[in-house]
Structure formats: C-alpha cells, structure tokens
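Trainee: One rule links them: number in our numbering = place in the sequence shown (from 1) + 796. Note that CB positions come from ideal geometry on N, CA and C, so glycine has one too. The structure presented is a predicted model; accordingly, all values stated were derived computationally and were not measured. The structure follows.
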Amino acid sequence: MRLSDRRASRASIARRLTALFAAASTAVLLALGYLIGTAVEQHFEEQDLAVLNGKLQLARQALAKVTSQADLDAIPQHLDDALIGHSGLAVVVKAPNGETLFATSGAEFPEALLVRQVHGNGRHPYVWRTARSTPLRGISAPVPTGIPDALPAIVGVATDISHHEQFMDGFRRTLWSFVVLAALLTGVLGWLAVRRGLAPLQAMRQKASGITAQRLDARLDAEAVPAELADLAQTLNAMLARLEASFRRLSDFSSDLAHEFRTPISNLLTQTQVTLSRSRSPEEYREVLASNVEEYERLSRMVADMLFLAKADEGQLIPSREKLDLAPLIDNLVEFYRIAAEEKGVTVSCSGKGEIEGDSLMIRRAISNLLSNAIRHTPSGGQVSVIIKNATASGVSIDVINSGETIPAEHLPRLFDRFYRADSARGGDGMRSGLGLAIAKSIMEAHGGKIVITSERAAGKCSGGGETRFTLNFP
C-alpha cells in the first residue's frame, strides 16, 4: 500500500473526535427525546384515565340505583342525560346475558375490552381504532346493580384520542427534527472545538518541521502549550537534546577520525614519494618499508578498535563467562609494562586480590589500556598503583592510580569519548589511537559494570601534586 493510500485510510484525530462527539451528543439527544415523548404520552394517558374513571363512576352510581326492571329500562335515558356535552366520549352497558342495555351513538367497543375488563387502575388502558380509523382509548369494569341476586353489568368507557395523536405526531416531528439539527450543529461545533483544541499540536508540528541537522538546538516551548501537551513537548525536547548531543559526537568523531587517519596516510604518502624521487640502495628501501609497516600497524590497530566499538554500539559485544583470578592476571600485565615504566622512571605496583566472572581477553584489554594510559601520563619519579578490592556487597573493583598533574573537572565526563583528549599536553605520542578509554568503558558495560574516574590534588603526593584514579566496578 502506498503512503498516500495509508494516509487516506487513517482518519485524522480531529475527524475521529468530531465523530465521537457527534455520536455521543446524538445518543444523548435521542435518549432525551425518547424520555420526553414517553413522558408526554404518559401524561395524556393519565388525563384520559381520569376522565374515563369519572364516567365509569357515574355509570356505577346510576346502576346502583337500579332495583327493578323499570329502573333498568330507564338507564339509557339517564345516561344520555348525564353524557350531554361530552363529545368524543363513548359508553356501553351490557347486561350479564350479553344484551346491550346502552350504547352511545356510533360506539364501537372491541369484544376483547369487554371480556378482559381493562380496569382504570391498570397500567395501560386499551387502545383501538374504529371502522372509520378513529383512535379510542378505553377501560371496562363489572358494575353491580341494585337488583337482588343479579349478576353485575359490564360497563365500557372510551374517549376519542385523535387530537392526542395529532399533537404527538407533530410533537415527534418537531422533536426529531430538532434532534437531527442539534446533532449536526454539535458535530460542527465539536469539529471547531477540536480544531481549536488541536491548534497547539499544529504549532508544535510547524516548529518541529523547521528543525534540521543544522538547527538541532531549536526547542519546543513547553510553557506555551496546554498542560496535556507539556509532557509531550518536554519529551520531544529531551529527544532533540539527545539527537543534538549524538549528532555533535558523530560530527566530532568523524572529524577526529579523519584527522587521525590523515597523519599516518600523509606520512606514508610523503615517505613513499620521497623514496621514489631517486634511486636508493636496498638497505634504504628496507628502512622505508620498515617505517611504513609501523604506520600500517597503527592504521590496523585503529581500524580494529573502531570495529570493536561498532560491535559494542550494536550490542554485539557478548563476553564469555569464566572465573578469573585477578591477582595473577594483573601481575602479568604489570610485568609486561614494567620495562616501559622503568624507561620513564615510573614505579608500577599491584596489591589485593579478588575473583570475577568475565571474558579474560576483554578484561585484560581494559586493564592494559588503563595501565598504558596511566604510565604515559605519569611524570618521571611518579608511581602507578593497581589495587584490587574484594567487597562482598558491592562486588569487586579495580583501581588504577597514577600520580601527576590532575585533569580539570570539565574534561572528566568526556574522557571516555572517542579521540577525546583533555589537552595537548596529555596527547601522548603519535602512536596512540585515542580509543583506549572508550574501549575500556565498552568492555565494562558489556560485563554489566561501569568505569569511573576521579582526579584531584592531594598533599604529600610526588611530582605533580595530585593523582588520577580509574575505577572498574564489577557486579
């Protein structure tokens, strides 16, 4: 699926919120309209029941006065007189034998009403239509007469509800028209409200669209957005800060890498051009090739170190796990560097003992890098000490301490960056790749540990008046 198709298939937040708002509003209005319609209909039913029960009571009083056949024959006239002026009202009186004693003109009562005897105190009266489609609502009840031992008569009372139905039809049309218009209006208002509410997001998008590799220092204004978006703005700002730092490190690293490669390649090129400028003896060619080998070895070590760090960055640096006795391992490394240290007039010592689980080659490489770095930066007459501390609670730690000039505090956090040097005075010789401390840090992280550095002045120290301490903390 193309990107445009995927975008078309996804509804925008504004559209979704508008649809949800309109649907919720419509549901509420429909429920409200239903309740209002039901309440009005119930009100009409209660009104009609009051009238019907009143007429039923009138018939009950009239039949109660019947004590003879003559009185019964006079019931129609009596009821006709009582119903004068009550248009739309229908009454029927049937004797126990089914004979119709009285019925208003045009009255059409269904047999079901008279048989079921729908009382006025029931929940709903009986509703039906006549042959002329006139809607009626009625009730019926047995009414005793004053004749001894006579069965009660059946009285049915109904009222015309045409005007009620006409009113309810108009009311429903008006109500549902209002519901539809209100739903449309709330949808439009909801869309406007959502668009206005999402305006800060649009502002954030426009601000973010202007951030490029050359403008990674730009930040979103977390104070100018609603509280709900403040956390998002702060998260994006933190991400931009990380990207800026990573981009700066990458730019610095690329520049440093080009600088580091330029020196040996320039040396090789210059020396080769000078050598080829005239004929030389085999011995002279041999010396040039030997010198070139040194430069190639430097390049090879740098490339190998870069590959090692690249694997660490990708999480592919997986150390083996074996039990290591640190004392003999470090003693061997100290002996290896002792000759180089003695040439500088530096004393190297090792003390303590401890055991860890880790990759022997990696651990050797990390400690070797620190020893080499310490010896290189210790002045003549100084001392390099390696101290193993075996703490049961916090694990095992190794301190590599060298005396000499301290490192300014502002440089300490960046000493483990690739190719970083605190100053030119600590730059060392030209054979360094500038990756030793970065490799040591990657090795410690691969083992679940960490490396920290402190550098401070202390009274009573030898030349330089201070010491620098690298500490490897193993879990």
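List the residues that DSSP assigns as beta-bridge partners of Gly952.
Mentor: According to DSSP, Gly952 bridges with Val888, Ser936.
Trainee: According to DSSP, is Asp1121 helix, strand or coil?
Mentor: Strand.
Trainee: If I measure Cβ to Cβ from Asp1013 and keep anything under 7 Å in the same chain, skipping five residues before and after, which residues do I get?
Mentor: Glu1040
Trainee: Which residues does DSSP pair with Tyr1081 in a beta bridge?
Mentor: In the DSSP output, where bridge partners are listed per residue, Tyr1081 has none listed.
Trainee: Tell me whether Ile1135 sits in a helix, a strand or coil according to DSSP, three-state version.
Mentor: helix
Trainee: Which residue marks the beginning of the beta strand (DSSP E) containing Glu1019, and which one marks its end?
Mentor: No beta strand (DSSP E) contains Glu1019, which DSSP labels as neither H nor E.
Trainee: Run the CB neighbour count on Lys1237, radius 10 Å, all protein chains shown included, and call it buried at 16 or more, exposed below.
Mentor: buried
Trainee: Report yes if the CB atom of Asp844 is closer than 8 Å to the CB atom of Thr955, and no otherwise.
Mentor: yes
Trainee: Hey, Ala891 and Ala937: beta-carbon distance below 8 Å or not?
Mentor: no
Trainee: Can you tell me where the alpha helix (DSSP H) with Ile1239 in it begins and where it stops?
Mentor: In this chain, the alpha helix (DSSP H) harbouring Ile1239 covers 1232-1242.
Trainee: Could you compute how far the alpha carbon of Gln962 sits from the alpha carbon of Asn849?
Mentor: 24 Å
Trainee: Suppose you measure from the CA of Gly884 to the CA of Ala989; what does that come to, to the nearest Å?
Mentor: In this structure, the straight-line span from the alpha carbon of Gly884 to that of Ala989 is close to 53 Å.
Trainee: Applying the criterion that 16 or more other CB atoms from any shown protein chain within 10 Å of the CB defines a buried residue, is Thr814 buried or exposed?
Mentor: buried
Trainee: Can you tell which of Asp1155, Glu1153, Ile1239, Leu1025 has its C-alpha closest to the C-alpha of Gln998?
Mentor: Leu1025
Trainee: Would the segment 1200-1211 and the segment 1097-1114 be scored as touching if the rule is three or more Cβ pairs under 8 Å?
Mentor: no
Trainee: DSSP state of Gly1226, grouped into three classes?
Mentor: Here Gly1226 scores only 44 on pLDDT, less than 50, and its place in the model is too uncertain to base an answer on.
Trainee: Let's test the definition: count the other Cβ atoms within 10 Å of the Cβ of Asp801 and tell me whether it reaches 16, buried, or not, exposed.
Mentor: Because the pLDDT of Asp801 is 49, which lies under 50, any placement of that residue in the model is unreliable, and the question is left without a value.
Trainee: Beta-carbon within less than 7 Å of Gly993's beta-carbon, same chain only, minus the 5 sequence neighbours each way: which residues are those?
Mentor: none
Trainee: Nearest-angstrom Cα distance between Arg1214 and Phe1266?
Mentor: Straight-line Cα distance between these residues: approximately 17 Å.
Trainee: Kindly indicate which residue of Arg1094, Ser1047, Arg1044 has the alpha-carbon position closest to the one of Asn1063.
Mentor: Ranked by Cα distance from Asn1063, the first of Arg1094, Ser1047, Arg1044 is Arg1094.
Trainee: Buried or exposed: where does Glu907 fall if 16 or more other Cβ atoms within 10 Å of its Cβ makes it buried?
Mentor: exposed
Trainee: Would you give the residue range spanned by the beta strand (DSSP E) that Ser1199 belongs to?
Mentor: 1191-1199
Trainee: By DSSP, does Ser1005 sit in helix, in strand, or in coil?
Mentor: helix
Trainee: Could you have a look at Ser1251 and say whether DSSP puts it in helix, strand or coil?
Mentor: When secondary structure is reduced to three states using DSSP, Ser1251 falls in the strand class.
Trainee: Using only the alpha-carbon positions, how far apart do Asp876 and Glu904 sit?
Mentor: 17 Å
Trainee: Bridge partners of Gly1262, per DSSP?
Mentor: Arg1253
Trainee: Quick one: give me the first and last residue of the beta strand (DSSP E) that Leu897 is part of.
Mentor: 896-899
Trainee: Which residues bound the alpha helix (DSSP H) around Leu822?
Mentor: For the sequence presented, residue 822 should be read as Thr rather than Leu. Thr822 -> alpha helix (DSSP H) spans 809-860.
Trainee: Does the separation of the CB atoms of Ile1163 and Ile1197 fall below 8 Å?
Mentor: no
Trainee: Taking 8 Å as the threshold, find out whether the segment 1237-1246 comes into contact with the segment 1112-1120 through three or more Cβ pairs.
Mentor: yes
Trainee: With Ile1061 and Asn1165 assumed to form a contact (beta carbons below 8 Å), what rounded beta-carbon distance in angstroms separates them?
Mentor: Rounded, the Cβ-Cβ distance is 24 Å, inconsistent with contact.
Trainee: Look at Gly1299 and His1173 and say whether their C-beta atoms are less than 8 Å apart.
Mentor: The structure shown does not extend to residue 1299, since the chain is modelled only from 797 to 1271, so the question has no answer here.
Trainee: For the putative contact between Ser1087 and Gln1069, defined by C-beta atoms under 8 Å, what is the C-beta separation to the nearest angstrom?
Mentor: Not confirmed; about 14 Å, so no contact.
Trainee: Keeping to the same chain, check which residues put their C-beta closer than 8 Å to that of Pro921; ignore five residues upstream and five downstream.
Mentor: Glu841, Asp844, Leu845, Leu848, Val914, Arg933, Gly934, Ile935
Trainee: Who are the Cβ neighbours of Ser1220 in its own chain at under 8 Å, not counting the five residues just before and after it?
Mentor: At Ser1220, the pLDDT of 48 sits below 50, so the modelled position is not reliable and the matter cannot be decided from this model.
Trainee: Would you mind working out which of Leu1036, Glu1091, Val1192 sits nearest Glu1153, comparing C-alpha positions?
Mentor: Val1192
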